[in-house]
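All remarks here apply to the structure that follows.
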Amino acid sequence: MRGYTQDKEEYLKRLRRVEGQIRGLARMVENDEYCIDVLTQISAATKGLQAVSLGLLDEHLKHCVAEALSEGGEEADEKVREASDAIARLVRS
1 MRGYTQDKEE YLKRLRRVEG QIRGLARMVE NDEYCIDVLT QISAATKGLQ AVSLGLLDEH
61 LKHCVAEALS EGGEEADEKV REASDAIARL VRS
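Numbering (the UniProt record's numbering), first residue to last: 1 to 93.
Laid out in structure tokens, this is it:
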């Protein structure tokens with residue numbers, strides 16, 4: 001069981017909302033909408049994805065990493081390394 005499993009429906013709902021925003025963005029570009037309006041919607045979609053990613057990261061730290069740390073060993077080191085790498089990717093994006 002993954003750390004996010006209990007909140008899976010909420011994550012799916014958020015992702016569907018972002019998916020709708022992306023489809024809306026494609027329509028806006030197809031219809032030659034005003035640049036600033038398109039950029040505003042891109043910002044909204046980006047924030048939606050960031051919210052999902054931060055939630056997943058939080059769940060990963062609370063469940064997967066915490067469990068590995070309690071067991072110790074190489075598995076713990078690997079989970080911490082994975083989390084650090086994920087955080088670095090999020091910060092760069």
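We treat Cβ as the ideally placed atom computed from N, Cα and C, and that holds for glycine. Since the model is a prediction, treat every value here as computed from it, not as a measurement.
Residues in the same chain with beta-carbon distance under 8 angstroms from residue i, minus the five sequence neighbours each way, listed in chain order, please.
{"i": "ALA45", "result": "VAL18, GLN21, ILE22, LEU25"}
{"i": "LEU69", "result": "ALA76, LYS79, VAL80"}
To the nearest angstrom, report how far apart residue i and residue j are at their CA atoms.
{"i": "GLU59", "j": "ILE42", "result": "26 angstroms"}
{"i": "GLU30", "j": "ALA88", "result": "34 angstroms"}
{"i": "MET28", "j": "VAL38", "result": "7 angstroms"}
Could you name the residues of the same chain whose beta carbon sits closer than 7 angstroms to that of residue i, not counting the 5 residues immediately before and after it, in chain order?
{"i": "LYS62", "result": "GLY3"}
Out of the options, point me to the one whose CA is closest to residue i's CA.
{"i": "ARG16", "options": "LEU49, THR5, ASP37", "result": "LEU49"}
{"i": "VAL52", "options": "VAL91, ARG14, GLY72", "result": "ARG14"}
{"i": "GLU9", "options": "GLU67, GLY55, GLU71", "result": "GLY55"}
{"i": "CYS64", "options": "THR40, ALA83, ARG92, LYS47", "result": "ALA83"}
So the alpha helix (DSSP H) residue i belongs to, where does it begin and stop?
{"i": "CYS35", "result": "35–59"}
{"i": "ARG27", "result": "8–30"}
{"i": "SER84", "result": "73–92"}
When the cut-off is 8 angstroms and only beta carbons count, does residue i lie next to chain E?
{"i": "SER70", "result": "Absence of chain E from the displayed structure is noted, only one protein chain being present."}
For the ligand GDP, I want to know if residue i counts as a neighbour, meaning its beta carbon is within less than 7 angstroms of at least one of the ligand's heavy atoms.
{"i": "GLU9", "result": "Because no ligand of any kind appears in the structure shown, any question about the ligand GDP cannot be addressed here."}
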